[in-house]
Amino acid sequence: MAEDYVELIAELVDRNDEARPVDLAERLGVKPPTVTKNISRLVRAGLVRRERYRSIFLTEKGAALADACRRRHRTVVATLVALGVDPESAERDAEGIEHHVSDETLEAFERFVTSCNCPLSGMKRSNEM
Numbered sequence: 001m002a003e004d005y006v007e008l009i010a011e012l013v014d015r016n017d018e019a020r021p022v023d024l025a026e027r028l029g030v031k032p033p034t035v036t037k038n039i040s041r042l043v044r045a046g047l048v049r050r051e052r053y054r055s056i057f058l059t060e061k062g063a064a065l066a067d068a069c070r071r072r073h074r075t076v077v078a079t080l081v082a083l084g085v086d087p088e089s090a091e092r093d094a095e096g097i098e099h100h101v102s103d104e105t106l107e108a109f110e111r112f113v114t115s116c117n118c119p120l121s122g123m124k125r126s127n128e129m
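Pasting the structure below:
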């Protein structure tokens with residue numbers, strides 16, 4: 001839950017300069033009270049902060065988690081595309097896979113994608129850096 005929320009909050013803040021509970025509820029397909037409850041948990045965990053007029057922003061800790069989630073997502077998508085999955089399906093499937101991949105498997109995916117020089121990952125072979 002936390003990963004989905006911080007990833008979406010980061011996306012909304014990048015796009016709209018803020019993340020509002022109503023936007024989170026709409027994008028996640030849940031009711032506003034569910035978002036309120038989960039945001040309270042994220043505040044207690046030190047991942048987000050609320051500001052005036054109910055906008056939500058990531059803390060430094062939350063931003064670090066969001067960055068890690070985005071990298072994980074890009075890596076899984078790039079791996080699937082490199083294996084021949086169409087990009088749209090890869091995006092959709094990555095949402096389910098990314099939260100269940102161990103760090104060891106993710107590192108193997110990164111090595112594979114880097115060796116393929118897949119453009120979706122933003123990764124390049126070490127000899128090209």
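Residue numbers 1 to 129, in the UniProt record's numbering, belong to the letters of the sequence shown in order.
Cβ atoms here follow ideal geometry from the backbone N, Cα and C, with glycine treated the same way.
Source: prediction; values computed, not measured.
Neighbour-count burial assignment, residue i, 16 or more Cβ in a 10 Å radius
i     : result
Val35 : buried
Asp86 : exposed
Leu83 : exposed
Tyr5  : buried
Asn38 : buried
Ala98 : Checking the displayed sequence, the identity of residue 98 turns out to be Glu instead of Ala. Its Cβ being crowded by 16 or more others within 10 Å, Glu98 is buried.
Arg54 : exposed
Ala10 : buried
Arg44 : exposed
Asp17 : exposed
Asp14 : exposed
C-beta contact flag for residue i and residue j at 7 Å
i     : j      : result
Thr59 : Phe109 : no
Glu91 : Val77  : yes
Leu42 : Arg27  : no
Thr79 : Val113 : yes
Same chain, Cβ closer than 7 Å to residue i, five either side skipped, listed in chain order
i     : result
Glu51 : Phe57
Gly46 : Thr59, Lys61
According to DSSP, residues forming a beta bridge with residue i
i           : result
Arg70       : Note: Arg70 sits in no beta bridge, so no partner.
residue 197 : In the structure displayed, the chain extends from 1 to 129; residue 197 sits before or after that span and is not available.
Ala19       : Ile56
Contacting residues, own chain, Cβ-Cβ under 8 Å from residue i (five flanking each side not counted)
i     : result
Ala25 : Lys31, Pro32, Thr34, Val35
beta-carbon residue i near the ligand MN non-hydrogen atom, thresh 6 Å
i     : result
Arg27 : Only the bare structure without any ligand can be found here, which leaves the ligand MN out of the picture.
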